[in-house]
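As structure tokens, the structure follows; a few thoughts come after it.
There are 2 protein chains.
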Amino acid sequence: MKIQVLLTGNEIMSGDIVDSNSSMMADLFSKYGWRIARKVTVGDEMETLVEEIRSLSSNSDVLIINGGLGPTVDDLTAQAMAEASGQPLAIHPDAMAHLETWCGRRQIQINDANRKQTLLPKGCAILANETGSAVGIQMELNGCLVYATPGVPSELRWMLRHEVLPQLLKHFPSGSVETRRLLVFGSGESTLQQLISNQYPDWPDSIELGFRASMPALEVKLTTRAANSDELDTWQQRLIDDIFQDCYIANAPNSLAQATIDALYREQLHVATAESCTGGMIASQLTDIPGASQVFEAGWVTYSNAMKQSQLGVPAGDLEHFGAVSEPVARAMAEGAKRHSGADISVAVTGIAGPDGGSEQKPVGTVWIALATPEETHCYALQVPFERSMFRRWVSACCLDLIRRAALGLTLQPRYLARFQNH
Amino acid sequence: MKIQVLLTGNEIMSGDIVDSNSSMMADLFSKYGWRIARKVTVGDEMETLVEEIRSLSSNSDVLIINGGLGPTVDDLTAQAMAEASGQPLAIHPDAMAHLETWCGRRQIQINDANRKQTLLPKGCAILANETGSAVGIQMELNGCLVYATPGVPSELRWMLRHEVLPQLLKHFPSGSVETRRLLVFGSGESTLQQLISNQYPDWPDSIELGFRASMPALEVKLTTRAANSDELDTWQQRLIDDIFQDCYIANAPNSLAQATIDALYREQLHVATAESCTGGMIASQLTDIPGASQVFEAGWVTYSNAMKQSQLGVPAGDLEHFGAVSEPVARAMAEGAKRHSGADISVAVTGIAGPDGGSEQKPVGTVWIALATPEETHCYALQVPFERSMFRRWVSACCLDLIRRAALGLTLQPRYLARFQNH
């Protein structure tokens with residue numbers, strides 16, 4: 003079964019709107035083993051629309067048109083379908099009945115703009131719309147099943163589930179597909195790809211392997227027909243055991259922050275944060291997770307030296323002798339946060355995110371991280387070569403990972419740190 | 003000039019990723035009066051890619067291909083371009099030089115996966131990439147200028163500006179277009195639309211008006227041919243004076259956080275934050291702005307009652323009598339943060355982000371905000387009806403706006419708060 007999608011609308015072409023409707027379709031269809039083969043996006047121009055509907059319907063089994071069903075003059079889908087199929091437009095009695103009910107329930111009068119929405123190509127069927135005034139349109143054209151659907155996401159979602167999907171399931175076989183998304187932190191796409199091809203010359207054809215940068219982490223995706231679900235489990239476990247090891251974070255949709263909270267919760271440990279250059283981002287990511295209050299104790303954002311002293315007890319002498327971006331200061335921040343909050347684990351960051359503030363000895367990108375565990379405090383000097391925003395995101399992710407490792411008793415010298423370490 | 007775009011990647015077809023790259027292109031091109039005529043999206047399949055490159059290049063002046071330049075086996079763009087143009091793949095010396103510099107700077111070895119990125123169609127030119135290992139590819143095919151660009155948004159952004167755009171400007175006339183994007187916080191799209199049409203029956207045809215939700219703010223976009231640039235200034239000022247008033251934040255790309263930092267800097271005021279339910283998000287957004295250290299003094303993330311007492315001096319009695327989510331506690335948090343940091347302005351938030359933790363008296367969505375100015379402390383009881391993640395973003399934005407208002411001496415009872423106020 004070949005599915006193509008035609009997305010219409012000047013607002014998608016101009017970049018004012020980002021299309022997420024086609025993702026919604028792909029996501030729903032993938033559960034039935036169906037893929038969208040190709041998507042075409044065009045603006046609101048009659049001639050272009052007619053041409054696309056003709057050509058796409060001539061070489062697909064299913065064509066989903068999205069957008070252009072509204073009441074305004076630039077909503078052209080019904081008219082374009084009429085022209086492409088050589089049928090005249092006529093008031094569709096089912097569409098009119100829907101509109102009367104819809105307006106009646108809202109106690110509004112039917113106006114000309116609404117009435118336009120009942121003018122459909124002769125001989126088509128309608129698709130019910132529970133939440134909007136415009137019905138969808140269904141017709142067969144060039145041997146292809148054509149479905150015109152609304153652009154409003156909530157209306158599309160309902161119509162896909164309740165109208166389009168049941169019809170497709172009657173016409174086409176579905177083979178359900180299983181997917182695993184493995185989140186990995188600390189390994190790049192090209193390194194992993196290389197390791198996997200070296201390690202597994204016998205990687206099975208039935209399991210598709212994909213990568214997605216989910217910066218600063220990486221998502222590795224395994225997909226197979228549901229019949230091979232045991233095989234999928236086996237290969238997922240092999241990848242984790244042989245390749246990812248302690249860089250494996252969780253299966254999506256769980257995030258690194260979620261995995262960190264989960265690890266703390268499982269081990270009944272509490273955490274505190276002391277941030278300078280990350281400015282609260284670590285705390286914010288941790289507390290974004292529902293239930294974080296069970297394990298997150300406190301966070302400090304201490305930008306100035308005065309605050310590092312008064313709030314975290316960093317000795318004035320250390321700030322003076324070594325500067326704010328230094329091992330003794332990072333250590334004192336982490337230990338101060340741990341002591342003042344009574345947490346079991348704490349992390350502290352002090353660095354130079356840029357673009358200004360660097361010096362010859364401590365260039366932009368220099369950062370000290372300190373991780374205080376119940377036993378001892380580990381300090382890391384890193385040189386992180388990313389611009390401000392990515393620098394903050396990477397450093398925050400690295401700190402989350404160190405907390406996760408401390409909670410789970412994994413190595414606190416992960417391989418990936420070596421690349422950034424400043425000796 | 004007819005521009006078409008070919009977006010490639012299984013991850014866009016499967017719905018794992020929503021394409022925003024083509025919006026970035028459309029947005030940039032629109033400044034020069036250029037529009038994208040049509041976009042085609044396909045997966046990583048060699049035959050399909052070759053066919054699309056051939057057919058799209060045969061009927062456009064410019065074809066931008068996006069994605070598929072990476073190091074992995076499913077990155078097929080270079081090979082597809084070679085096949086479409088009938089040229090063999092060969093190691094491109096410029097691409098190799100780029101890779102050597104790139105790996106050298108990161109002190110990593112070039113591996114086979116990376117080396118694949120230097121295999122380009124013979125006779126092509128490369129497009130520099132400042133931030134990634136893969137260069138872009140430029141060649142002429144069927145009389146069409148073809149540009150292959152990376153899928154990573156930050157790399158694409160750089161390459162569009164520094165490589166693609168200068169080349170296009172050499173080949174094609176630009177009818178330069180001017181755009182203003184006005185960031186507004188506290189007004190919805192339909193309300194503004196209505197106000198504008200009521201206020202200005204004489205709105206000029208030459209200025210196009212658009213809206214884009216940039217949650218939790220709104221972007222109002224004015225576009226015109228450069229010849230009408232004075233007119234644009236006039237109408238922008240009218241909109242601000244008559245309609246947006248103190249809800250106008252800044253012109254994009256400046257953000258609400260940037261406008262807040264700018265306001266503090268202009269007035270030479272320092273700020274501190276005390277966050278419970280927003281968990282550091284306000285501090286993180288403020289410190290994301292370069293130069294924030296000039297005005298940001300300190301932030302506390304005090305989740306537990308114990309930390310609210312010990313770090314911010316919230317009286318135990320208030321916590322006991324009124325609960326953590328209450329006016330006296332919010333007030334004490336803000337005043338404690340201000341006192342302990344010596345800041346001029348501080349903001350405190352305590353609330354119930356959900357999904358759990360609500361009660362009959364204080365349901366999920368209940369939040370107290372306190373704003374301490376040099377003169378006095380203002381407290382706000384709100385009921386914010388969004389789910390956890392949007393709740394945190396909206397509350398953080400609202401706090402940034404209150405700090406901005408306090409710094410600029412604007413009203414501290416903005417109209418939009420009434421909608422959420424709990425009385």
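Here the protein sequences come in this chain order: A and B.
Per our numbering, the very first residue in the first sequence carries number 3; after that it's consecutive.
Per our numbering, the very first residue in the second sequence carries number 3; after that it's consecutive.
Ideal placement from N, C-alpha and C gives every residue a C-beta, glycine not left out.
Straight-line CA distance for I161 (chain A) to P155 (chain B)? Note that residue 161 (chain A) corresponds to Met in the displayed sequence, not to Ile. Going from the Cα of M161 (chain A) to the Cα of P155 (chain B) covers about 32 angstroms.
Please confirm whether T375 (chain A) and I347 (chain A) have their CB atoms less than 8 angstroms apart. yes
For the region 102–179 of chain B, which segments carrying the alpha helix (DSSP H) assignment without a break, of at least 4 residues, lie completely within its bounds, in sequence order? 114–118, 155–161, 167–173
May I ask you to list, following chain order, the residues of the region 289–307 of chain B that have a beta carbon less than 8 angstroms from some beta carbon of chain D? Within the model displayed, chain D is absent; protein chains A and B are what it includes.
Could you tell me which whole alpha helix (DSSP H) segments of length 4 or greater appear in the region 44–79 of chain B? 48–60
Local conformation of T413 (chain A) per DSSP, three classes: coil
With 8 angstroms as the limit, tell me which residues of the region 138–168 of chain B have their beta carbon closer than that to any beta carbon of chain A; keep them in chain order. V154, S156
At the level of alpha carbons, what is the spacing between D244 (chain B) and K172 (chain B)? 42 angstroms
The beta strand (DSSP E) spanning W370 (chain B) covers which residue range? 368–374
Quick check on K4 (chain A): does DSSP put it in helix, strand or coil? coil
Report yes or no: do three or more beta-carbon pairs, one from the region 54–72 of chain B and one from the region 189–207 of chain B, lie closer than 8 angstroms? no
Please list the partners that V44 (chain A) has in chain B, where partner means a Cβ-to-Cβ separation under 9 angstroms. A39, R40, K41
DSSP state of V386 (chain B), grouped into three classes? coil
Enclosing beta strand (DSSP E) for F324 (chain B) [first to last residue]: Not the beta strand (DSSP E): F324 (chain B) falls in the alpha helix (DSSP H), residues 318–324.
Under a three-way DSSP split, which group does V331 (chain A) fall into? helix
Take the Cβ of V349 (chain B) as the centre, count every other Cβ of all protein chains shown within 10 Å, and call the residue buried at 16 or more, exposed below. buried
With a Cβ-Cβ cutoff of 8 angstroms, do S306 (chain A) and A300 (chain B) count as a contact? yes
Residues of its chain near G69 (chain B), where Cβ-Cβ distance is below 6 angstroms and the 5 sequence neighbours each way are ignored: T10, G11, G153
With a CB to CB cut of under 8 angstroms and the five nearest residues on each side skipped, what residues in its chain are close to F324 (chain B)? P330, V331
Under the assumption that A294 (chain A) contacts L410 (chain A) (Cβ atoms under 8 angstroms), give the Cβ distance between them as a whole number of angstroms. At roughly 18 angstroms, the Cβ-Cβ gap does not stay under 8 angstroms, so A294 (chain A) and L410 (chain A) are not in contact.
For E433 (chain A), which residues in chain B fall below 9 angstroms Cβ to Cβ? With chain A covering 3 to 425 only, the question about residue 433 (chain A) has no answer from this structure.
Residue closest to K41 (chain B), alpha-carbon to alpha-carbon, out of B:E47, B:Y34, B:E49, B:M27: B:M27
With 9 angstroms as the limit, tell me which residues of the region 361–382 of chain A have their beta carbon closer than that to any beta carbon of chain B; keep them in chain order. none
Taking just the CA atoms, how far does L220 (chain A) sit from E191 (chain A)? 7 angstroms
For A252 (chain B) versus A261 (chain B), is the C-beta distance shorter than 8 angstroms? yes
Does M48 (chain A) come within less than 8 angstroms of chain B when only Cβ atoms are used? no
May I ask which residues mark the beginning and end of the beta strand (DSSP E) holding L91 (chain A)? 91–93
Spell out whether any CB of chain A is found under 8 angstroms from the CB atom of V20 (chain B). yes
At the level of alpha carbons, what is the spacing between A228 (chain B) and D235 (chain B)? 11 angstroms
Since E210 (chain A) sits in a beta bridge, which residues does DSSP pair it with? A:T225
Smallest Cα separation from I405 (chain B): which of B:C381, B:R421, B:P387, B:A420? B:C381
Reference T225 (chain B), options B:N113, B:I19, B:A308, B:G35, closest by Cα: B:G35
Contact criterion: CB-CB distance below 8 angstroms. Does A276 (chain A) meet it with respect to chain B? no
For the alpha helix (DSSP H) containing E191 (chain B), list its first residue and its last residue. 191–201
Does the region 101–108 of chain B come within contact of the region 84–93 of chain B, defined as at least 3 CB pairs closer than 8 angstroms? no
Mind checking whether L122 (chain B) and I139 (chain B) have CB atoms under 8 angstroms apart? yes
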